[in-house]
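Engineer: Here the sequence shown stands for residues 3 to 252, numbered as in this note's numbering.
All residues carry an ideal CB built from backbone N, CA and C; glycine is no exception.
Have a look at this one.
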Amino acid sequence: MLEKGGEYLPEELLVSIKQEKKDYASYIIKQQPFTNALENYLEIPKSKLFISLKDGSVKAFGKKVFDSVANIPSEELVRKGTKLKDVDDCLGDYLDVFVTHPETEEILTKHWFMSAIDWKPSSLKSELAVYYNVLVDCESLYEAFPAPKEDVVSVYSINGALLLDDDTPVLKSPYNNTRGRPSYNWQEFTAEMAKRLAKGKLPDMQKSCVIDMQAWCKEKWGVVPSETNLKNYISPFYQAKNESEIKSES
Numbered sequence: 003m004l005e006k007g008g009e010y011l012p013e014e015l016l017v018s019i020k021q022e023k024k025d026y027a028s029y030i031i032k033q034q035p036f037t038n039a040l041e042n043y044l045e046i047p048k049s050k051l052f053i054s055l056k057d058g059s060v061k062a063f064g065k066k067v068f069d070s071v072a073n074i075p076s077e078e079l080v081r082k083g084t085k086l087k088d089v090d091d092c093l094g095d096y097l098d099v100f101v102t103h104p105e106t107e108e109i110l111t112k113h114w115f116m117s118a119i120d121w122k123p124s125s126l127k128s129e130l131a132v133y134y135n136v137l138v139d140c141e142s143l144y145e146a147f148p149a150p151k152e153d154v155v156s157v158y159s160i161n162g163a164l165l166l167d168d169d170t171p172v173l174k175s176p177y178n179n180t181r182g183r184p185s186y187n188w189q190e191f192t193a194e195m196a197k198r199l200a201k202g203k204l205p206d207m208q209k210s211c212v213i214d215m216q217a218w219c220k221e222k223w224g225v226v227p228s229e230t231n232l233k234n235y236i237s238p239f240y241q242a243k244n245e246s247e248i249k250s251e252s
């Protein structure tokens with residue numbers, strides 16, 4: 003049994019506490035690469051949110067603790083055994099001492115500075131004001147950052163099967179968004195059509211050929227161009243096929 007803080011603690015408990023501290027330190031070290039990657043990923047979203055808070059398009063609310071960082075009563079901080087940089091921990095433990103305006107209020111745009119934001123404890127500390135429990139208004143947030151809309155596509159039916167009549171995927175990721183339609187290797191497509199024409203493997207009906215080539219495009223490219231595009235490249239081969247058949251008959 004060992005004495006600590008005026009109380010006797012079993013030695014096994016102290017050993018367990020030490021082991022937990024070691025395990026926690028090891029966990030922090032292992033977690034660091036993920037933490038760094040997450041912080042790097044959040045840089046742009048944080049910047050966008052800050053700009054929206056600064057220009058007033060997104061509203062936020064918080065409990066105003068002091069009118070300024072300079073107004074924090076340092077003698078009380080010293081008395082509580084902490085420093086200015088530990089004000090967030092202090093607020094949580096000694097809120098009744100520090101809170102001068104306990105009511106939640108809207109944070110004015112003039113208070114927002116990127117350097118004043120402490121993201122983890124959701125606090126704002128600047129020369130103009132000190133807020134804690136900062137909350138973002140969801141309604142204004144959704145207006146400033148609307149959800150990505152799904153693409154509107156049309157479908158058509160061939161022999162009871164529904165096919166997309168569009169050159170782009172139904173859903174697009176907002177982080178991989180590209181302008182314009184995807185490019186296709188029409189030279190490869192034309193070569194395949196020419197090969198089929200030369201071997202006499204084109205179906206009698208052009209509509210059937212469109213279905214065949216849709217399957218070919220899906221297999222080769224992983225995506226199917228629109229029916230209109232396919233017809234534009236297929237029609238010349240059927241014109242050539244018909245002209246060849248007419249000459250053969252004559």
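In chain order, what residues of the same chain have a beta carbon less than 6 Å from the beta carbon of Asn135, not counting five sequence neighbours either side?
Structural biologist: Cβ neighbours of Asn135 beyond the five flanking positions: Gly64, Lys65.
Engineer: Quick one: what's Val132 bridged to in DSSP?
Structural biologist: Paired residue(s): Phe68, Lys127.
Engineer: Based on DSSP bridge pairs, tell me the residues matched to Glu107.
Structural biologist: Beta-bridge pairing links Glu107 to Gly64.
Engineer: If you pair each beta-carbon of the region 22–42 with each one of the region 104–117, do three or more pairs fall below 8 Å?
Structural biologist: No: the two stretches stay apart, fewer than three of their Cβ pairs being nearer than 8 Å.
Engineer: Which same chain residues, not among the five before or five after Ala118, have their C-beta less than 7 Å away from its C-beta?
Structural biologist: Leu126, Lys127, Ser128, listed in sequence order.
Engineer: What would DSSP say about Val225, mapped onto helix, strand or coil?
Structural biologist: If DSSP states are grouped into helix, strand and coil, Val225 belongs with coil.
Engineer: Could you give the distance in angstroms between the alpha-carbon of Tyr235 and the alpha-carbon of Leu40?
Structural biologist: So the alpha carbons of these two residues sit roughly 47 Å apart.
Engineer: Rounded to a whole number of angstroms, what is the C-alpha to C-alpha distance between Leu130 and Ser228?
Structural biologist: Approximately 59 Å between the Cα atoms of the pair.
Engineer: For Leu51, tell me which candidate among Tyr144, Tyr26, Asp25, Leu16 has the shortest Cα-Cα distance.
Structural biologist: The shortest Cα separation from Leu51 among Tyr144, Tyr26, Asp25, Leu16 belongs to Tyr144.
Engineer: Helix, strand or coil for Asp206? Go by DSSP, reduced to three states.
Structural biologist: In this structure, Asp206 counts as coil in the three-state DSSP scheme.
Engineer: Cβ atoms of Lys220 and Val1: under 7 Å apart, would you say?
Structural biologist: Because the chain here runs from 3 to 252, residue 1 falls outside it and cannot be looked at.
Engineer: Pick helix, strand or coil for Ile19, following the three-state DSSP scheme.
Structural biologist: It is helical.
Engineer: Distance, Cα to Cα, Val60 vs Cys140?
Structural biologist: Cα to Cα, Val60 sits roughly 8 Å from Cys140.
Engineer: Leaving out five residues on either side along the sequence, give the residues of the same chain with a beta carbon under 8 Å from the beta carbon of Glu190.
Structural biologist: So the list reads Lys222, once near-sequence residues are dropped.
Engineer: Between the alpha carbons of Glu107 and Glu14, how many angstroms are there, rounded?
Structural biologist: When rounded, the distance between both Cα atoms is 49 Å.
Engineer: By DSSP, does Pro139 sit in helix, in strand, or in coil?
Structural biologist: In the sequence under discussion, the amino acid at residue 139 is Asp, which differs from the Pro named in the question. DSSP places Asp139 in coil when its eight states are reduced to three.
Engineer: For the candidate residues Ala242, Ser237, Asn187, whose alpha-carbon lies nearest to that of Trp218?
Structural biologist: Considering only alpha carbons, the answer is Asn187.
Engineer: To the nearest angstrom, report how far apart Pro47 and Ala27 are at their CA atoms.
Structural biologist: Taking the straight line from one Cα to the other gives about 29 Å.
Engineer: Run through the DSSP bridge pairs and tell me what Ile236 is partnered with.
Structural biologist: Paired residue(s): none; Ile236 is not in a bridge.
Engineer: How many whole angstroms separate the CB atoms of Met195 and Phe239, which I take to be in contact at a CB cut-off of 8 Å?
Structural biologist: That belief holds up - the Cβ atoms of Met195 and Phe239 are roughly 5 Å apart, short of 8 Å.
Engineer: Leaving out the 5 sequence neighbours to the left and right, which residues in its chain are closer than 7 Å to Tyr133 when beta-carbon positions are compared?
Structural biologist: Once the five neighbours on either side are set aside, the close Cβ partners of Tyr133 are Gly64, Lys65, Lys66, Val67, Ile109, Ser125, Leu126.
Engineer: Considering only their Cβ atoms, is the gap separating Ala62 from Val138 smaller than 7 Å?
Structural biologist: Yes.
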